[in-house]
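J.:
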Amino acid sequence: MTTETRLKIAIQKSGRLYDDSIALLKQCGIKLVRSKDQLFCKAGNFPVDVYFVRDDDIPAFVSEGVCQIGIVGENVLIEKQARAAQNKASDSDMSNIEKLLPLGFGKCRLSLAVPNGFDYKDISSLAGKTIATSYKGILRDYLKEKNIKAKIVTMEGAVEIAPRTKLADAICDLVSTGATLATNGLTETDIVFESQCVLIQNPDPTPAEQDLLNRLVMRIKGVLRAQSSKYIMLHSPLDKLEEIIAALPGSETPTIVPLEGTKDSVAIHAVCDESVFWDTMEDLKSKGATDILVLPIEKMLD
Ligand code: PRT
Ligand code: ZN
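If you read the sequence shown in our numbering, its first letter stands for residue 852, the second for the next number, and so on.
Set out below in structure tokens:
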């Protein structure tokens, strides 16, 4: 009996990364039928098994080879690696994890923030102070690099209330819109780390697992490129062709198509690697382009 090779992937069970992780797999053609609270799911149409775990456990699942790949915030990955490196006695070495590619969602930043009214000049203002964070590994490395000695208090959640309760003078926490900081009377001072979701990999897949992984990564890259690309179609007078092609954003090789019934104009079709904004379209129009159409792209494969 031969057993089919299946790729195991760890994603967040529920939370901020769940919807985007599932959507990405779906766009890669991987359909999951998951009942609530189910921790494991077999995809029917691609040899993938998905493990639903807490985001904090994803690096360990990948590092230990329970899963060959995972989708996790880079903040969590780097924190786990920093803690493992700082804690020499730690039996789990996360340094073997390979980061394959950024996924474009889950964007946030790990920032230092102080109460409004704190006389903050630069990072040296934090010398001798107490900083509350859930990211002691990253923060410790950052302060060391900046040569600042400060006390770190670890909190697992609600870090933003620490200054009000006098537990700490400052905080180091994730920020996306900045609304939480503002609500709690805090001012962001320094960005310690910019983060987004990343695809991570165990370094020792079998050759068959690696083949599946390559296929999946190629699909993910295709999805990401399609998301950031647009298909643009327009008509151009022949004598303006060069100027109009030069104005197309991030397009390498446009296709020129003759137009029935006219010798003065052609159609241009092009994939633009960047967003096509209204001002780009206005610029093309001012150069003589007409009938400009911008379309979303669903999938791309080179
Ligand atoms: O249960 P599990 O352990 O899996 O989930 P979790 O509660 O640890 O994580 P979750 O779902 O809250 O976040 C998962 C990941 O989302 C994080 O590790 C980041 O990579 C990413 N992410 C993106 C964020 C944010 N944006 C974010 N804004 N994670 C947390 N926040 C929090 C932040 O801690 C603060 O409390 O949102 C608040 C700030 O948001 P703004 O918009 O007010 O600035
Ligand atoms: Zn978590």
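For glycine and all other residues, C-beta sits at the position ideal for the given N, C-alpha and C.
Leaving out the 5 sequence neighbours to the left and right, which residues in its chain are closer than 8 Å to V1004 when beta-carbon positions are compared?
T.: Excluding five sequence positions before and after V1004, the CB atoms of its chain that fall closer than 8 Å to its own CB belong to T981, I982, A983, T984, A1013, L1018, A1019, given in chain order.
J.: With distances taken from each beta carbon to the nearest heavy atom of the ligand ZN, which residues come in below 6 Å, in chain order?
T.: R905, D906, D907
J.: Measuring straight from C-alpha to C-alpha, what distance separates N1035 and A1021?
T.: For N1035 and A1021, the distance between alpha carbons rounds to 12 Å.
J.: Report yes if the C-beta distance between N1053 and I920 is below 9 Å; otherwise report no.
T.: Yes, the Cβ-Cβ distance between N1053 and I920 is below 9 Å.
J.: Once DSSP output is grouped into helix, strand and coil, what is the label at V1117?
T.: strand
J.: Please report the straight-line C-alpha distance between E1111 and E925, rounded to a whole angstrom.
T.: 52 Å
J.: Considering only residues of the segment 925-982, which uninterrupted alpha helix (DSSP H) runs meet the minimum length of 4 residues and lie entirely inside it, listed in chain order?
T.: 925-937
J.: Go to D992, then tell me how far its alpha helix (DSSP H) extends in each direction, as first and last residue.
T.: Note, D992: alpha helix (DSSP H), 987-996.
J.: Run the proximity test for L957: is its beta-carbon closer than 8 Å to any non-hydrogen atom belonging to the ligand PRT?
T.: The sequence shown places Gly at residue 957, rather than the Leu named in the question. In this structure, G957 has its CB closer than 8 Å to one or more heavy atoms of the ligand PRT.
J.: Identify whether Q1052 lies in helix, strand or coil by the three-state DSSP scheme.
T.: strand
J.: Quickly, what does DSSP pair F891 with across the bridge? List them, please.
T.: Looking at the DSSP assignment, F891 forms a beta bridge with Y902.
J.: Would you give the residue range spanned by the beta strand (DSSP E) that T1141 belongs to?
T.: Its beta strand (DSSP E) spans residues 1141-1147.
J.: Just verifying my parser: in three-state terms, what is the DSSP assignment at A1098?
T.: coil
J.: When DSSP labels each residue in this structure, what does A1001 get in the three-state scheme?
T.: coil
J.: Rounded to whole angstroms, what is the Cα-Cα separation between S943 and V1049?
T.: 20 Å
J.: Let me check you understand the geometry: is the CB of G1029 closer than 8 Å to at least one non-hydrogen atom of the ligand PRT?
T.: True, at least one ligand heavy atom lies under 8 Å from that Cβ.
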